[in-house]
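Undergrad: Have a look at the structure that comes next, please.
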Amino acid sequence: MSKPLQARIASYTTAKEARERGVYPYFRPIESAQDTEVIIHGKRVLMFGSNSYLGLTNHPRIKEASQKAIEKYGTGCAGSRFLNGTLDIHIELENRIAAFTGKQAALIFSTGFQVNLGVMSCLTGRNDYLILDEYDHASIYDGTRLSFSRVIKYAHNDMADLARRLSVLPEESVKLIVIDGIFSMEGDIARLPEIVSIAAQYGATVVVDDAHSLGVIGKKGAGTASHFDLNDQVDIITGTFSKSLASLGGFVASDADTIDYLKHHARSLIFSASMTPASAASVIAALDILENEPQHMEQLWSNTHYAKHLLTEEGFDIGESESPIIPIYVRDNEKTFIITSLLQQDGVFVNPVISPAVPSDASLLRFSLMATHTFGQIEEAVAKLAKAFSRAGVVRVKERIK
Ligand code: PMP
1 MSKPLQARIA SYTTAKEARE RGVYPYFRPI ESAQDTEVII HGKRVLMFGS NSYLGLTNHP
61 RIKEASQKAI EKYGTGCAGS RFLNGTLDIH IELENRIAAF TGKQAALIFS TGFQVNLGVM
121 SCLTGRNDYL ILDEYDHASI YDGTRLSFSR VIKYAHNDMA DLARRLSVLP EESVKLIVID
181 GIFSMEGDIA RLPEIVSIAA QYGATVVVDD AHSLGVIGKK GAGTASHFDL NDQVDIITGT
241 FSKSLASLGG FVASDADTID YLKHHARSLI FSASMTPASA ASVIAALDIL ENEPQHMEQL
301 WSNTHYAKHL LTEEGFDIGE SESPIIPIYV RDNEKTFIIT SLLQQDGVFV NPVISPAVPS
361 DASLLRFSLM ATHTFGQIEE AVAKLAKAFS RAGVVRVKER IK
């Protein structure tokens, strides 16, 4: 390896240092299915860090659909959708997604990340604008780097800032406002009614990334536009199959012409292999469950309310969450790692989120609920959280007020 590259790799010490201190929290190998309890190093650990909001990743009907798809189509498609990699179940899934999101058409990609790369990079040109909430997901930001248009960031959920920034842009330019429906770390919901009205005032198009909203809000879990009854005002919806829909892959849904345009321009679609048959079939089976069994979403919300109630009673700072994603603020990177590690030893898995993913004074534990958690599991996790905070010497809001 060349000396400059060796030097660059050697200069990265953060992970090494965390390992030396025994608090490295990433790439923890799970030895079981992603359920409310998982096995790590042979030990039972309560899972409060999953994006499987409806708890469907180990559902027998979804597993069966995926196995049947392997039997029929094999394990891979050996090519891109554009050429030899389109299966009839890809088309079936696109039709299901279009109907589910209330749009004319949909296009599926191999991951949600690739959806955002494709959509951001090819809908705007040199004299156009992508207008993003500062807390939008990394895949949206990375997509803008592949676009030749200008990127404008507005303060998180700050509608006055959004309007101010739009008001100075040229009328004839393409302007895409791109937002997370539910923000992935903070768990709050985008101010969609105001956003669509500001967009209409300044001639902008709205794109909502519903990665964390599907199966969580809206009619039968159809997402943010449905939640606010604004389907007609949201032009483009993107999303992933890797969370509530228990699989892997992603989609964009819109009017038929926009989808046809994306089909022929989105490079992350055209130059990448298509979704595996098993992944596509499992999403179809998961959609069947979402559309016919409302009890999963109801239970998710009942668990969310219960967890919020307990966390607030225990005096944790949980920000402005409006969803099953609950940030528990620590506001110190090192202590966030220490608490994550103490919790892991005590049998609870949570995700640490530190800078640069969030501002350094906003480091947090991302605590997320699943429909399949029991109240007993939630009580156990909250009690262990309180214990870990005390052992790490982190003062909770309740204690600060005393
Ligand atoms: N958008 C958002 C808001 C996300 O949180 C994520 C994944 N965390 C993605 C897109 C990417 O989805 P995928 O996992 O399917 O690549």
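Residue numbers (full-length UniProt numbering): 1 to 402. Each residue gets a CB set at the ideal place from its N, CA and C atoms; glycine is no exception. Values in this document were obtained by computation on a predicted structure and should not be read as measured data.
Taking 6 Å as the cut-off, does the CB of residue 57 come closer than this to any heavy atom belonging to the ligand PMP?
TA: No, the beta carbon of residue 57 sits no closer than 6 Å to any heavy atom of the ligand PMP.
Undergrad: Should residue 9 and residue 28 be called a contact, given that it needs their Cβ atoms to be closer than 7 Å?
TA: Not closer than 7 Å, so no.
Undergrad: Around the ligand PMP, what residues have a beta-carbon under 5 Å from a heavy atom of it, in chain order?
TA: Taking each Cβ in turn, the ones that pass are 111, 112, 113, 137, 139, 180, 184, 209, 211, 240, 242 and 250.
Undergrad: Return the bridge partner residues of residue 132 from the DSSP annotation.
TA: Paired residues: 153 and 178.
Undergrad: Bridge partners for residue 353 per DSSP, in chain order?
TA: Per DSSP, 364.
Undergrad: Count the other C-beta atoms from every protein chain shown that fall within 10 angstroms of the C-beta of residue 15, then say buried if there are 16 or more, exposed otherwise.
TA: It is exposed - the Cβ of residue 15 has fewer than 16 other Cβ atoms within 10 Å.
Undergrad: Compute the beta-carbon to beta-carbon distance between residue 222 and residue 85, rounded to the nearest angstrom, for a pair I have assumed lies under 8 Å.
TA: That pair is no contact at about 28 Å.
Undergrad: So, using beta-carbon positions, are residue 143 and residue 159 closer together than 7 Å?
TA: Not in contact: residue 143 and residue 159 (Cβ atoms no closer than 7 Å).
Undergrad: One question on the structure: do residue 285 and residue 97 come within less than 7 Å of each other, judged by their Cβ atoms?
TA: Result no, Cβ atoms of residue 285 and residue 97 do not sit closer than 7 Å.
Undergrad: Is there a Cβ of chain D sitting closer than 7 Å to that of residue 227, yes or no?
TA: In the structure shown, chain D cannot be found, because there is only a single protein chain.
Undergrad: Could you give the first and the last residue of the continuous alpha helix (DSSP H) run that contains residue 251?
TA: Residue 251 -> not in any alpha helix (DSSP H); beta strand (DSSP E) instead, spanning 250-254.
Undergrad: Would you list, in sequence order, the uninterrupted alpha helix (DSSP H) runs of no fewer than 4 residues that lie entirely inside the region 64-123?
TA: For the region 64-123, whole alpha helix (DSSP H) runs of length 4 or above, ordered along the chain, are 88-101 and 112-122.
Undergrad: Would you tell me roughly how many angstroms separate the C-alpha atoms of residue 257 and residue 325, rounded to the nearest one?
TA: Rounded to the nearest angstrom, the two C-alpha atoms are 35 Å apart.
Undergrad: Alpha carbon to alpha carbon, how far is residue 215 from residue 34?
TA: Taking the straight line from one Cα to the other gives about 17 Å.
Undergrad: In this structure, how does DSSP classify residue 283 when only helix, strand and coil are distinguished?
TA: If DSSP states are grouped into helix, strand and coil, residue 283 belongs with the helices.
Undergrad: Quick one: what does DSSP say residue 383 is sitting in, helix, strand or coil?
TA: Of the three classes helix, strand and coil, the one that applies to residue 383 here is helix, per DSSP.
Undergrad: Under a Cβ-count criterion, where at least 16 other Cβ atoms within 10 Å of its own Cβ denotes burial, should residue 26 be classed as buried or exposed?
TA: Per the 10 Å Cβ criterion, exposed.
Undergrad: Check whether the Cβ atoms of residue 280 and residue 59 lie closer than 7 Å to each other.
TA: Contact: no.
Undergrad: Is the region 294-302 close to the region 371-387, with three or more CB pairs under 8 Å?
TA: Result yes; three or more Cβ-Cβ pairs closer than 8 Å.
Undergrad: Do residue 116 and residue 140 have their beta-carbon atoms positioned less than 7 Å apart in this structure?
TA: Closer than 7 Å, so yes.
Undergrad: Of the residues 1, 185, 255 and 267, which one's Cα is nearest the Cα of residue 319?
TA: Ranking the options by Cα distance to residue 319, first place goes to 185.
Undergrad: By the DSSP assignment, the beta strand (DSSP E) with residue 170 in it spans what residues?
TA: Neither: residue 170 is in no beta strand (DSSP E) and is coded neither H nor E.
Undergrad: I'd like the span of the beta strand (DSSP E) that includes residue 47, first residue to last.
TA: That run of the beta strand (DSSP E) goes 43-47.
Undergrad: Report yes or no: do three or more beta-carbon pairs, one from the region 306-323 and one from the region 121-133, lie closer than 8 Å?
TA: Judged by Cβ distances under 8 Å, the region 306-323 makes no contact with the region 121-133, as fewer than three pairs qualify.
Undergrad: In angstroms with no decimal places, state the Cα-to-Cα distance between residue 253 and residue 266.
TA: C-alpha separation (whole angstroms): 14 Å.
Undergrad: Restricting to runs no shorter than 3 residues, where is the beta strand (DSSP E) found entirely within the region 179-240?
TA: If we require 3 residues or more, the beta strand (DSSP E) runs fully inside the region 179-240 come out as 205-209 and 236-240.
Undergrad: For the beta strand (DSSP E) holding residue 37, just list the boundary residues, first then last.
TA: It spans 37-40 - the beta strand (DSSP E) in which residue 37 sits, taken as one unbroken run.
Undergrad: Give the straight-line distance between the Cα atoms of residue 199 and residue 153, rounded to the nearest whole angstrom.
TA: Spanning the two alpha carbons is a distance of roughly 15 Å.
Undergrad: Would you tell me roughly how many angstroms separate the C-alpha atoms of residue 175 and residue 317, rounded to the nearest one?
TA: Spanning the two alpha carbons is a distance of roughly 36 Å.
Undergrad: Within the chosen definition, does the region 199-209 reach the region 228-236 through at least 3 CB pairs nearer than 8 Å?
TA: A contact exists between the region 199-209 and the region 228-236.
Undergrad: For the region 330-347 against the region 387-399, are there 3 or more C-beta pairs whose distance is under 8 Å?
TA: A contact exists between the region 330-347 and the region 387-399.
Undergrad: Is the region 62-73 in contact with the region 41-48, if contact means three or more CB pairs nearer than 8 Å?
TA: Counting Cβ pairs under 8 Å, fewer than three are found: no touch.
Undergrad: May I ask you to report which of helix, strand or coil DSSP gives residue 261?
TA: Of the three classes helix, strand and coil, the one that applies to residue 261 here is helix, per DSSP.
Undergrad: Short check: CB of residue 230 to CB of residue 192, under 7 Å?
TA: It is a contact, given that the beta carbons lie within the stated cut-off.
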